[in-house]
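**Q** Let me begin by handing over the structure; questions about it come next.
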Amino acid sequence: MHVLNASAGTGRQQTSAYRERLTPSLKFIVGAAIIAPMVSLVFVRFNQAAALVFGVLAAAILIWILLGTAPRVRVENGELIAGRAHIDVAHLGDPQILTGEDAAKARGVGLDPRGWYLIRGGIDGIVLVENIDPADPVTTWTVSSRTPDRLAAAIRRAQHAS
Numbered sequence: 000m001h002v003l004n005a006s007a008g009t010g011r012q013q014t015s016a017y018r019e020r021l022t023p024s025l026k027f028i029v030g031a032a033i034i035a036p037m038v039s040l041v042f043v044r045f046n047q048a049a050a051l052v053f054g055v056l057a058a059a060i061l062i063w064i065l066l067g068t069a070p071r072v073r074v075e076n077g078e079l080i081a082g083r084a085h086i087d088v089a090h091l092g093d094p095q096i097l098t099g100e101d102a103a104k105a106r107g108v109g110l111d112p113r114g115w116y117l118i119r120g121g122i123d124g125i126v127l128v129e130n131i132d133p134a135d136p137v138t139t140w141t142v143s144s145r146t147p148d149r150l151a152a153a154i155r156r157a158q159h160a161s
């Protein structure tokens, strides 16, 4: 596993085969918006208009932070980039697409303690890829995806291209 260094040149053509931002689900965002009335209640005894403004502002800032800090998954320039980590697709085996109970098991009791994970709650799909680099102590990559079939296909295309 390597930490992404945006300034490092790979010498490969800049191409993006897959991009996804793992934003929180709509239910989670609506739940975060509940902060608005709570903040408003704190300030309502001082000024009702200010209480309303502070409440809406607090909810907007929290939602902006949730959306802005959501990790990204990309396959580009022969690399799988998940959050701040990246790996050359030549070091990866065949990606497995997991959904439903299989994905729940991969996120729970089936977790490999030597694996690397980018798992987000509220996202059912998982792509599990074996790391075949013998020098890397990380054995698998497990990445959440709303479209695991597209992510797996992008990894396969990048592997065939390299």
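Just so you know, numbering that gives the first Met the number 0 puts 157 at position 158 of the sequence shown, and the rest follows in order with no gaps. For each residue, glycine too, the CB sits at the ideal point set by N, CA and C. Fair warning: this is a prediction, and the values are worked out from it, not measured in the lab.
Ordered along the chain, which non-local residues of its own chain (more than five positions away) have a Cβ less than 6 angstroms from that of Arg-106?
**A** Counting only Cβ-Cβ distances below 6 angstroms, and skipping sequence neighbours, we find Ile-118.
**Q** For Ala-57, which residues from the same chain have a beta carbon less than 6 angstroms from its beta carbon, with the 5 sequence-adjacent residues on both sides left out?
**A** Ile-34, Val-38, listed in sequence order.
**Q** Near Leu-66, which residues of its chain fall below 6 angstroms by C-beta distance, leaving aside the five closest residues on each side in sequence?
**A** Correct list, in chain order: Thr-22.
**Q** Can you list, in chain order, the residues of its chain with a C-beta nearer than 8 angstroms to that of Gly-92? Leave out the 5 residues immediately preceding and following it.
**A** These residues qualify, in order along the chain: Val-128, Glu-129, Asn-130, Ile-131.
**Q** Can you tell me the Cβ-Cβ gap for Gly-124 and Ser-144, rounded? I've got them flagged as a contact below 8 angstroms.
**A** Their Cβ separation, rounded to whole angstroms, is 5 angstroms, which keeps Gly-124 and Ser-144 in contact under 8 angstroms.
**Q** Could you check what DSSP says for Val-55 in three-state terms: helix, strand or coil?
**A** Three-state DSSP puts Val-55 in a helix.
**Q** So, is Ile-86 buried or exposed, given that buried needs 16 or more other C-beta atoms within 10 angstroms?
**A** Counting Cβ neighbours within 10 Å, Ile-86 comes out buried, since at least 16 surround it.
**Q** Identify the continuous beta strand (DSSP E) that holds Arg-174 and give its terminal residues.
**A** Only positions 0 to 161 of the chain appear in the structure, and residue 174 is not among them; the question remains open.
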